[in-house]
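K.L.:
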Amino acid sequence: MKKRINPFEYAGQIIDKMMHGGILVTTKNGEKVNPMTIGWGTIGVDWSKPVFQVYVRECRHTKPMLDQAMEFTINVPLERNDKVKEILAFCGTKSGRDLDKVQELGLTLVDSEKIGVPAIKELPLTLECKVIYTVRQEGKQIPQDVMDRFYPQWAENPEDLHSVYYGEILDAYIIEE
Numbered sequence: 029m030k031k032r033i034n035p036f037e038y039a040g041q042i043i044d045k046m047m048h049g050g051i052l053v054t055t056k057n058g059e060k061v062n063p064m065t066i067g068w069g070t071i072g073v074d075w076s077k078p079v080f081q082v083y084v085r086e087c088r089h090t091k092p093m094l095d096q097a098m099e100f101t102i103n104v105p106l107e108r109n110d111k112v113k114e115i116l117a118f119c120g121t122k123s124g125r126d127l128d129k130v131q132e133l134g135l136t137l138v139d140s141e142k143i144g145v146p147a148i149k150e151l152p153l154t155l156e157c158k159v160i161y162t163v164r165q166e167g168k169q170i171p172q173d174v175m176d177r178f179y180p181q182w183a184e185n186p187e188d189l190h191s192v193y194y195g196e197i198l199d200a201y202i203i204e205e
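Residue numbers (our numbering): 29 to 205.
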């Protein structure tokens, strides 16, 4: 069962979870579902539409999957128990290129209502998003202190920044048992 929510009423909680342990962005290509832990994102309004902006590094396995699917779910825990910590740690350190994260963690996929990418029951607060715009970061436009802190490898690999995906929030709910 899914309890419909107004995503903006949960914005503070989503941001807090993102800043303190992370949340998941999940995408799907064919039958392969790939969740990835993120600590950066923005919820707001662009072009009079509710959006969630996701930052994905060029080198991540999630990027080509997202480029093809152009849909994603945001999966937010309601609490921080040991299972949630394990999921977030695993999805933040293991690549979907090398293994099936869903299978390895025994995650429960729940069909979405408006897109083809599933929700994840273990992180029940869900935003279903359709990409409406993407932009690639340009290193020259990022402040130097930010570059030094978050992109120290940039001098050797100037291509390894982030692409920002603006996802229109098409549905928002909490998966209930």
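Every residue gets a Cβ at the ideal spot worked out from N, C-alpha and C, and that includes glycine.
If we ignore side chains and look at the alpha-carbon of each, how far apart do PRO180 and GLN172 end up?
P.N.:
10 Å
K.L.:
Excluding sequence positions up to five away, which residues of its chain have a Cβ less than 7 Å from the Cβ of GLN131?
P.N.:
none
K.L.:
So what's THR136 in DSSP terms, helix, strand or just coil?
P.N.:
coil
K.L.:
For LYS142, write down the residues that DSSP places opposite it in a beta bridge.
P.N.:
Per DSSP, none; premise fails for LYS142.
K.L.:
Assign LYS113 to one of two classes, buried (16 or more other C-beta atoms within 10 Å of its C-beta) or exposed (fewer than that).
P.N.:
Here LYS113 is exposed: its Cβ has fewer than 16 other Cβ atoms, across all protein chains shown, within 10 Å.
K.L.:
In three-state terms, what does DSSP make of GLY195?
P.N.:
strand
K.L.:
GLY58: buried (16+ other C-beta within 10 angstroms of its C-beta) or exposed?
P.N.:
Residue burial annotation: GLY58 is exposed, with fewer than 16 other C-beta atoms found within 10 angstroms of its C-beta.
K.L.:
Can you tell me which of ASP188, GLN96 and GLU196 puts its alpha carbon nearest to the alpha carbon of PRO78?
P.N.:
Closest by alpha carbon: GLU196.
K.L.:
What beta strand (DSSP E) runs, 3 residues minimum, are completely inside the segment 73-103?
P.N.:
77-85
K.L.:
Which value, in whole angstroms, describes the spacing of the CA atoms of ARG32 and GLY40?
P.N.:
17 Å
K.L.:
With DSSP run on the structure shown, which of helix, strand or coil describes MET64?
P.N.:
Taken through DSSP and simplified to helix, strand or coil, MET64 comes out as strand.
K.L.:
Whether or not the segment 87-101 and the segment 45-56 are in contact is what I'm after, with contact meaning three or more pairs of Cβ atoms, one per stretch, closer than 8 Å; do they touch?
P.N.:
yes
K.L.:
From this set, LYS122, VAL104, LYS168 and LYS158, which residue's C-alpha is nearest ILE203's C-alpha?
P.N.:
VAL104
K.L.:
Do you know offhand how far LYS111's Cα is from LEU94's?
P.N.:
26 Å
K.L.:
With the cut-off set at 9 Å, would you say VAL84 and TYR193 are in Cβ contact?
P.N.:
yes
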